[in-house]
Amino acid sequence: MTAAAERSPPLRMTRARRNALLQSEPVQGLALISPTFIYALILLVLPILVVIAHSFWTQHYLTIDRTFTLENYRVALTEPIYRDLLRRSLYISLTVSVLTVLLAYPIAYFISFHGGRHKSLWLFLITIPFWTSYLLRVMSWKVILGYNGVLNSGLMGLGIIDEPSTALLYNSSAVIITLTHAWAAFAILPIFVSLEKVDRTLVEAATDLGDGPLRSFLRVTLPLSAPGVISAALIVMIPTVGDYVTPKLVGGKDGVMIANAIQAQFGKASNWPLGAALSVTTMLIVTLMAGATVLIIRALQRLAR
Amino acid sequence: MPEQPQILRPQSDRSMIEIENVTRSYGAFKALDDASLTIREGEFFSLLGPSGCGKTTLLRMIAGFDNPTSGSISVGGQPMEGIPANRRPTNMVFQSYAIFPHLNVEQNVAYGLKRLRLQGGEEKRRVEEALAQVSLTGLGKRLATELSGGQRQRVALARALVMRPKVLLLDEPLSALDKKLREQMQVELRRLQQAVGITFVLVTHDQYEALAMSDRIAVMFGGKIAQVASPKEIYQRPVTRQVADFLGGMNFVKAQIVEENGASLVVDTLGFGRIKTDKPKAFVRNGGGTTLGIRPERLRVLWDNATAKFEVAGKVVERHYFGEITHLIVEIPGLEKPLSVTETNDFGADDIPVGTSIRLAYDPEALVAMAD
């Protein structure tokens with residue numbers, strides 16, 4: 000044995016230890032997610048912490064007073080205007096999610112059960128609207144719902160109405176219609192995936208045990224696709240509460256939502272702490288609502304048994 | 000092979016299922032080709048054949064999941080044409096069991112009863128009775144995901160039996176179980192069928208399963224029914240080489256027809272000499288040659304100086320050990336292919352050295368003529 004070889008064991012041990020460290024599964028996992036993790040930390044967690052911090056401070060013209068206060072939350076929760084805006088935002092997002100799921104389910108069902116060999120073609124067709132910008136899609140609803148829009152001219156041409164209706168555009172219904180259309184694909188996909196996972200022999204078994212098509216759907220297919228319905232509802236509900244562009248473009252005065260108020264606080268009104276408090280309040284309420292949705296759908300699922 | 004339990008119930012001669020000239024085609028491919036069959040009331044009937052022979056197609060048409068392209072099916076004297084699966088007097092045990100994963104055992108079994116709105120605890124009583132029949136008492140509250148393969152199979156059985164169908168259809172119900180459990184379930188299924196007296200129609204590709212459980216078997220190949228008979232007759236007197244081959248090992252021996260009359264044939268073979276044998280029903284003479292078959296276990300090794308009325312001499316060329324039995328491959332002068340002989344090991348067949356000259360005893364009755 001040479002002297003070099005005698006000295007090498009401690010070195011080899013550290014190398015072995017380092018290799019073991021690099022080969023351990025948790026370390027490899029962490030290494031894999033670290034780019035995304037760091038990205039999320041810097042661009043998501045830190046901003047949220049900043050927002051939460053701001054919500055407890057006070058704005059004095061151009062300076063921010065950093066003494067702790069709950070005043071912003073008092074305003075956010077008790078001022079009628081913010082209460083109304085929050086309530087309307089929740090109403091709009093709930094309505095949109097319910098409508099979207101109701102409209103998306105039959106489409107997803109059709110593709111999954113009757114799509115045959117063309118399933119991927121159908122899914123591809125559903126993504127076509129996404130080839131254009133979201134703004135363009137919202138604008139096209141303006142063209143459809145506007146004073147001289149497609150719907151008004153069509154109804155007038157048919158003699159159903161005498162003069163253009165102004166009730167179509169610039170209100171919360173216009174926001175609901177636009178959002179429902181915009182989010183349809185996001186609801187179709189998760190429902191489709193969960194329907195694909197429903198074992199077709201289960202439907203056959205239900206038929207064999209005496210169920211007609213409607214009964215077997217209600218007792219087997221629907222309960223088993225509930226996970227897809229839950230994710231579809233959440234995917235639509237959570238972002239629409241805070242939607243800002245759609246109400247701005249088609250909402251008019253009656254369609255203003257909480258995000259528009261938050262934007263105003265961070266912009267023109269220049270009251271960041273109040274804007275922050277409104278944001279945090281919205282986030283908490285969305286969390287509660289999402290949790291409630293999951294619980295309600297689960298309860299319905301149990302009832303279906 | 001588990002022992003076949005005694006037949007407890009007298010067989011009825013009334014027919015339960017009538018299949019008349021049923022054909023099912025997919026484009027040019029015929030999954031089922033002009034099949035006709037009568038299944039009797041209270042019978043344990045098996046449809047046996049390799050995959051793609053049309054047995055599952057036939058079962059699904061009885062259940063109503065598929066419809067014949069032509070021909071008719073009736074169950075219990077009632078034509079099934081136009082009757083959807085949910086209104087047929089049949090219930091099915093699916094190959095994958097199809098246990099509802101969102102329901103527990105009790106709810107699975109009660110699934111079909113719910114619609115009947117039974118009064119006064121009748122539903123609960125019937126569910127418990129069905130669970131007892133398949134020895135699952137006490138597991139009613141378990142979720143499907145918490146059950147073993149064998150238990151899931153029992154749930155599927157109970158769920159179908161609780162409906163008291165005229166016919167229970169079983170689509171390869173044992174194929175997902177391991178060997179030991181499968182053999183145990185064969186015995187149990189047979190007992191259950193005897194106890195409830197319902198007509199069972201079983202689809203299987205496992206010949207031992209069909210032999211062990213059935214009253215009668217239909218062997219199918221390529222969409223056609225090759226033979227319908229009792230397990231013993233199917234095994235001992237197969238009508239074609241294909242049936243013989245599918246039901247287990249068979250030594251085929253070429254023979255020349257010497258004489259043909261009403262019910263019998265006299266043939267000359269090189270190894271076995273002149274043999275008189277029963278003529279198979281569907282026998283069509285094709286030139287002067289035919290084929291005889293003898294099962295490997297119908298050939299017996301003659302030890303030392305023992306003699307038999309009918310014997311052939313040969314030389315052992317191969318020996319394969321299988322625990323309780325040994326397969327010997329014996330070359331017989333004059334025969335183009337060596338004979339395969341199955342001998343139990345109680346007399347030391349596993350110790351016969353390769354190359355030994357031996358004599359084999361046989362019963363000429365065991366040599367059967369069959370169509371190619």
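From first to last, the protein sequence lines stand for chains A and B. So that you can map any letter, position 289 of the first sequence is 288 in numbering that gives the first Met the number 0, and since no number is skipped, the others follow by simple counting. So that you can map any letter, position 315 of the second sequence is 314 in numbering that gives the first Met the number 0, and since no number is skipped, the others follow by simple counting. The beta carbon of each residue, even a glycine, is placed where N, CA and C say it ideally should be.
Compute the beta-carbon to beta-carbon distance between residue i and residue j, rounded to the nearest angstrom, for a pair I have assumed lies under 8 angstroms.
| i | j | result |
| --- | --- | --- |
| V50 (chain A) | A268 (chain A) | About 16 angstroms separates the two Cβ atoms, so there is no contact after all. |
| V74 (chain A) | L273 (chain A) | 6 angstroms |
| I296 (chain A) | V235 (chain A) | Incorrect: roughly 13 angstroms between the Cβ atoms, too far for contact. |
| F28 (chain B) | F199 (chain B) | That pair is no contact at about 29 angstroms. |
| V108 (chain B) | L130 (chain B) | 6 angstroms |
Starting from residue i, trace the beta strand (DSSP E) both ways and give me its first and last residue.
| i | result |
| --- | --- |
| D207 (chain A) | That residue, D207 (chain A), is in no beta strand (DSSP E); its alpha helix (DSSP H) goes 199-207. |
| F220 (chain B) | 215-220 |
| L43 (chain B) | First, the residue type needs correcting, since residue 43 (chain B) is Phe and not Leu in the sequence shown. 43-47 is the extent of the beta strand (DSSP E) around F43 (chain B). |
| N259 (chain A) | N259 (chain A) -> not in any beta strand (DSSP E); alpha helix (DSSP H) instead, spanning 257-265. |
| K223 (chain B) | 223-228 |
| T289 (chain B) | 288-293 |
| R273 (chain B) | 272-277 |
Which residue marks the beginning of the alpha helix (DSSP H) containing residue i, and which one marks its end?
| i | result |
| --- | --- |
| A262 (chain B) | Here A262 (chain B) belongs to no alpha helix (DSSP H), and DSSP marks it neither H nor E. |
| E187 (chain B) | 178-195 |
| N151 (chain A) | 149-156 |
| Q150 (chain B) | 148-160 |
| T35 (chain A) | 24-39 |
Going by Cα to Cα distance, which pick from the options is closest to residue i?
| i | options | result |
| --- | --- | --- |
| S96 (chain A) | A:A30, A:I110, A:V240 | A:V240 |
| L302 (chain A) | B:A159, B:V21, B:Q106, B:L36 | B:Q106 |
| R87 (chain B) | B:V126, B:A305, B:P78, B:G53 | B:P78 |
| I357 (chain B) | B:E317, B:G322, B:V367 | B:E317 |
| A34 (chain B) | B:A262, B:G53, B:N304 | B:G53 |
| W182 (chain A) | A:Y60, A:T66, A:A103 | A:A103 |
| T68 (chain B) | B:L31, B:G148, B:L138 | B:L31 |
| D242 (chain A) | A:L178, A:G115, A:A166 | A:L178 |
| G292 (chain B) | B:A370, B:L146, B:E171, B:T341 | B:A370 |
| E171 (chain B) | B:Q206, B:M162, B:I82 | B:Q206 |
| G347 (chain B) | B:K336, B:P332, B:A305, B:V300 | B:V300 |
| L135 (chain A) | A:H180, A:Y169, A:N259, A:K196 | A:H180 |
| G290 (chain A) | A:A19, A:I237, A:F265, A:G254 | A:I237 |
| Q94 (chain B) | A:G254, A:L201, A:A231 | A:L201 |
| G114 (chain A) | A:E195, A:Q58, A:M288 | A:E195 |
Could you compute how far the alpha carbon of residue i sits from the alpha carbon of residue j?
| i | j | result |
| --- | --- | --- |
| P46 (chain A) | F36 (chain A) | 14 angstroms |
| I224 (chain B) | A209 (chain B) | 15 angstroms |
| R14 (chain A) | K178 (chain B) | 50 angstroms |
| A243 (chain B) | N66 (chain B) | 31 angstroms |
| K118 (chain A) | R17 (chain A) | 49 angstroms |
| L76 (chain A) | L217 (chain A) | 41 angstroms |
| H101 (chain B) | Y361 (chain B) | 59 angstroms |
| L191 (chain B) | L122 (chain A) | 48 angstroms |
| A84 (chain B) | E203 (chain A) | 9 angstroms |
| G222 (chain B) | S92 (chain A) | 58 angstroms |
| V202 (chain B) | R189 (chain B) | 14 angstroms |
| S54 (chain A) | R141 (chain B) | 50 angstroms |
| I6 (chain B) | I187 (chain A) | With a pLDDT of 49 at I6 (chain B), under the threshold of 50, the modelled position of this residue cannot be trusted; read the value that follows with caution. Computed Cα separation, rounded: 57 angstroms. |
| T245 (chain A) | Q300 (chain A) | 33 angstroms |
| L306 (chain A) | L43 (chain A) | Summary: the structure shown does not reach residue 306 (chain A), with chain A confined to residues 0 through 304, and so no result is reported for it. |
| T343 (chain B) | P352 (chain B) | 16 angstroms |
| V142 (chain A) | L84 (chain A) | 26 angstroms |
| P4 (chain B) | Q193 (chain B) | Any reading at P4 (chain B) must be qualified, since the residue scores a pLDDT of 48, below 50, and its modelled position is unreliable; the value itself is stated next. Their backbone Cα atoms lie some 9 angstroms apart in a straight line. |
| E296 (chain B) | D303 (chain B) | 20 angstroms |
| A263 (chain A) | A225 (chain A) | 39 angstroms |
| N103 (chain B) | T68 (chain A) | 53 angstroms |
| I125 (chain A) | F191 (chain A) | 12 angstroms |
| E162 (chain A) | L248 (chain A) | 23 angstroms |
| A365 (chain B) | K275 (chain B) | 11 angstroms |
| G70 (chain B) | E17 (chain B) | 11 angstroms |
| E19 (chain B) | I61 (chain B) | 12 angstroms |
| M0 (chain B) | E258 (chain B) | Unreliable placement is indicated for M0 (chain B), whose pLDDT of 43 sits below 50; the coordinate value is still reported in the next sentence. One C-alpha to the other measures close to 39 angstroms. |
| E128 (chain B) | N250 (chain B) | 49 angstroms |
| T280 (chain A) | Y72 (chain A) | 8 angstroms |
| D210 (chain A) | R116 (chain B) | 13 angstroms |
| Which residues, taken in chain order from the region 185-205 of chain A, show a beta carbon closer than 8 angstroms to some beta carbon of chain B? | Cβ contacts with chain B: D198, T200, L201, E203, A204, A205.
| field | Near-chain B residues of the region 203-230 of chain A (beta-carbon distance less than 9 angstroms), N- to C-terminal order | value | Taking 9 angstroms as the cut-off between beta carbons, the residues of the region 203-230 of chain A near chain B are E203, A204, A205, T206, D207, L208, G209, D210, G211, P212, R214, S215, R218, V219, P222, L223, A225, in sequence order.
| message | By the 7 angstroms beta-carbon criterion, what residues does the region 49-65 of chain B contribute toward chain A? | response | Result list: A62, F64.
| task | Compile a chain-ordered list of the residues in the region 81-97 of chain B whose CB is closer than 7 angstroms to at least one CB of chain C. | result | The structure shown contains no chain C; the protein chains it does contain are A and B.
| message | By the 9 angstroms beta-carbon criterion, what residues does the region 108-123 of chain B contribute toward chain A? | response | Hits within the stretch, in order: Y110, G111, L112, K113, R114, L115.
| Positions along the region 123-157 of chain B whose CB lies within less than 7 angstroms of some CB in chain A | Cβ contacts with chain A come from no residue of the region 123-157 of chain B.
| field | Under 9 angstroms (Cβ pairs) to chain A, residues found in the region 162-188 of chain B | value | Residues of the region 162-188 of chain B that bring their beta carbon within less than 9 angstroms of a beta carbon in chain A comprise M162, L168, in sequence order.
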